[in-house]
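Adding 119 to a residue's 1-based position in the sequence shown gives its number in my numbering.
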Amino acid sequence: MAHKPNAVIAHDDRYNRRACGETASQSVSDDVAPRDLRAKNALGNGMRMADVVVVGGGVIGLTIAYELAGQGRRVAVFDRSQFGSEASWAGAGMLPPGDPTGAKTPEARLRAASHTRWADLSARLLEQTGIDNGFRRCGGIQVLPSDLTEHAAGQVRQWHGEGVIAQLFEDSELRTLEPQLNPDITTAYHLPQMCQVRNPRHVKALLAACIQRNVELSPSDPVVDFETDGERVIALRTGTGRHEADQFVVAGGAWSAGLLSRLGVSLPIEPVRGQIVLLTSRPGLLRQVIELGPRYLVPRPDGRILVGSTEEHAGFDKRSTAQGVSGLLQLATRLVPVLEDAQLERSWAGLRPRSRDGLPYLGFPPRWSNLIVAAGHFRAGLQLSPATGLVVSELLAGSEPSVPLEGFACDRHDGPPRP
Numbered sequence: 120m121a122h123k124p125n126a127v128i129a130h131d132d133r134y135n136r137r138a139c140g141e142t143a144s145q146s147v148s149d150d151v152a153p154r155d156l157r158a159k160n161a162l163g164n165g166m167r168m169a170d171v172v173v174v175g176g177g178v179i180g181l182t183i184a185y186e187l188a189g190q191g192r193r194v195a196v197f198d199r200s201q202f203g204s205e206a207s208w209a210g211a212g213m214l215p216p217g218d219p220t221g222a223k224t225p226e227a228r229l230r231a232a233s234h235t236r237w238a239d240l241s242a243r244l245l246e247q248t249g250i251d252n253g254f255r256r257c258g259g260i261q262v263l264p265s266d267l268t269e270h271a272a273g274q275v276r277q278w279h280g281e282g283v284i285a286q287l288f289e290d291s292e293l294r295t296l297e298p299q300l301n302p303d304i305t306t307a308y309h310l311p312q313m314c315q316v317r318n319p320r321h322v323k324a325l326l327a328a329c330i331q332r333n334v335e336l337s338p339s340d341p342v343v344d345f346e347t348d349g350e351r352v353i354a355l356r357t358g359t360g361r362h363e364a365d366q367f368v369v370a371g372g373a374w375s376a377g378l379l380s381r382l383g384v385s386l387p388i389e390p391v392r393g394q395i396v397l398l399t400s401r402p403g404l405l406r407q408v409i410e411l412g413p414r415y416l417v418p419r420p421d422g423r424i425l426v427g428s429t430e431e432h433a434g435f436d437k438r439s440t441a442q443g444v445s446g447l448l449q450l451a452t453r454l455v456p457v458l459e460d461a462q463l464e465r466s467w468a469g470l471r472p473r474s475r476d477g478l479p480y481l482g483f484p485p486r487w488s489n490l491i492v493a494a495g496h497f498r499a500g501l502q503l504s505p506a507t508g509l510v511v512s513e514l515l516a517g518s519e520p521s522v523p524l525e526g527f528a529c530d531r532h533d534g535p536p537r538p
């Protein structure tokens, strides 16, 4: 394939601080924009054909590339924009717990496999790159309406069935753990193994690690077409030319359906807009992730609090809206009244790739023998990325995947997504 200059990342000391030890004066607003993730091109020369081409440079595509390159494969990654600048940086970085010994559903198995890999992956990235992705165990509190106490107890039993630690709160215990929660909240349970990571830092670390492993990175180089021969993809075309490989992976997030349609593959993956607001308060105001249904507060050690997120069918429109921001602010102040005095620092939106059932597609689509799809992770791309990178690398090597993939088959749906 034609050589594309490797990306060069400036190692900023602010990314090397341990997240748990940051102070407000030390902290940086790396939750607010993807500009620090942009890859700068450096001149290079020579040509080579890749073993694997990955289309999509978000956290899924980069994790796959990192795993493959670690096995000695020659990997190239192409992205329509800057690496990690879409849903990968826009999320809140929550990592729910899981236990492979008790996981019974496809989602639970993939989540558990990822949960067991996050600490080691984070440590390896720190050692290899000097970039701290902010991974830490923070704990989480699941809040429910007061009339759903029995439902909360049922959810706790489900977590126990997976082998995950969960505890239904008594009111006094809840106040001790998070004194600033609204005193009207009486029904909640605790997930002490909940973790979090700083999305932009993690993508920055992955990029640096991929460069160390000689992955060829081509940002702002969208795929315009594929070349095929029988049941094989033999090359793709971008603005920079024709790029051959032995195997291909489509991990294009919300843009995956459009990419795959060029190969006659119809997968119901649609963009779902998620808006987030960033508040600034004092460090230590909240310690745990707070969740109410699909919405949440994620406190950072520096006093910033992420409030998210909406789920809106708005096509590829990434605007923040008055209605979306207003609803999130109401959520924040309802859960933690003292946040009425917090500074509103910024709002943004990302496009999450949703399949019909909310589960990703992982595997070979019908007809194609050397093409794998890894897309449709919806709200869970970051949290499921370690296991996704593992199983995709196993599939490409012809090995049995570590996680059963029957629930993620590419042929499980037909037709357009439901409204």
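C-beta atoms are modelled at their ideal positions from N, C-alpha and C, and glycine is treated no differently.
Is the distance from the Cβ of residue i to the Cβ of residue j below 8 angstroms?
i, j, result
"Ser474", "Thr182", "no"
"Arg230", "Gly217", "yes"
"Gly427", "Leu404", "no"
"Val196", "Leu416", "no"
"Ser439", "Pro338", "no"
"Pro225", "Phe435", "no"
"Val511", "Val342", "no"
"Val334", "Asn489", "no"
"Tyr185", "Ala328", "yes"
"Leu501", "Gly210", "yes"
"Arg192", "Asn252", "no"
"Leu454", "Ile409", "yes"
"Leu187", "Leu515", "yes"
"His309", "Gln286", "yes"
"Val194", "Val171", "yes"
"Gly189", "Arg332", "yes"
"Arg243", "Glu350", "no"
"Arg400", "Ala324", "According to the sequence provided, residue 400 is Ser. The question's Arg does not apply to it. No, the Cβ-Cβ distance between Ser400 and Ala324 is not below 8 angstroms."
"Pro319", "Trp467", "no"
Within a Cβ cutoff of 6 angstroms, which residues of the same chain sit near residue i, ignoring the five residues on either side of it in sequence?
i, result
"Arg471", "Ala206, Val391, Gly393, Phe497, Arg498"
"Cys529", "Tyr480, Gly482, Pro484, Val492"
"Gly495", "Ile388, Pro472, Ser474, Pro479, Tyr480"
"His532", "Pro387, Arg475"
"Glu525", "none"
"Pro418", "Leu405, Ile424"
"Arg228", "Ala222, Val522"
"Ser445", "none"
Here's the rule I'm using: 16 or more other beta-carbon atoms within 10 Å means buried, otherwise exposed. How should residue i be labelled?
i, result
"Ile284", "exposed"
"Lys223", "exposed"
"Gln97", "Since the first residue of the chain shown is 120 and the last is 538, residue 97 is not available in this structure."
"Leu267", "exposed"
"Gln407", "buried"
"Gln449", "exposed"
"Gly377", "exposed"
"Gln315", "buried"
"Gly176", "buried"
"Asp198", "buried"
"Asp340", "buried"
"Thr220", "exposed"
"Glu297", "buried"
"Thr429", "buried"
"Gln261", "buried"
"Ser146", "Because the pLDDT at Ser146 is just 36, under 50, the model does not fix this residue reliably, and the value given afterwards should be weighed accordingly. Ser146 should be labelled buried."
"Ser265", "exposed"
"Ala169", "buried"
"Thr357", "buried"
"Gly508", "buried"
"Thr295", "exposed"
Got a sec: does the ligand SAH put a non-hydrogen atom nearer than 7 angstroms to the Cβ of residue i?
i, result
"Thr357", "You won't find the ligand SAH in this model; it holds no ligand whatsoever."
Please go through the same chain and pick out, in chain order, the residues whose beta-carbon is closer than 8 angstroms to the beta-carbon of residue i, but skip the five residues on each side of it.
i, result
"Gly140", "With a pLDDT of only 31 at Gly140, under 50, the local geometry of the prediction cannot be trusted, and the value read off the model is given with reservation. Excluding positions up to five away in sequence, the list reads Pro420."
"Asp290", "Thr305"
"Met313", "Met213, Leu214, Pro215, Pro216, Arg256, Cys257, Gly258, Gly259, Gln407, Val408"
"Ser518", "none"
"His270", "Leu263"
Going by DSSP, which residues form a beta bridge with residue i?
i, result
"Leu214", "Cys314"
"Phe197", "Val174, Ser337"
"Leu397", "Leu425, Arg465"
"Gln277", "Partner(s): none; Gln277 has no beta bridge."
"Val352", "Thr347"
"Arg255", "Gln315"
"Leu287", "Tyr308"
"Arg192", "Answer is none; Arg192 lacks a bridge partner."
"Ile367", "Residue identity differs from the one stated: residue 367 is Phe in this sequence, not Ile. DSSP lists Val172, Leu490 as partners of Phe367."
Ordered along the chain, which non-local residues of its own chain (more than five positions away) have a Cβ less than 7 angstroms from that of residue i?
i, result
"Pro311", "Gly258, Ile284"
"Leu463", "Val396, Leu398"
"Arg381", "Asp344, Phe345"
"Phe288", "Ala307, Tyr308, His309"
"Trp374", "Arg199"
"Val384", "Pro484"
Is it true that the region 247-258 meets the region 270-287, where meeting means three or more beta-carbon pairs spaced less than 8 angstroms apart?
-> no
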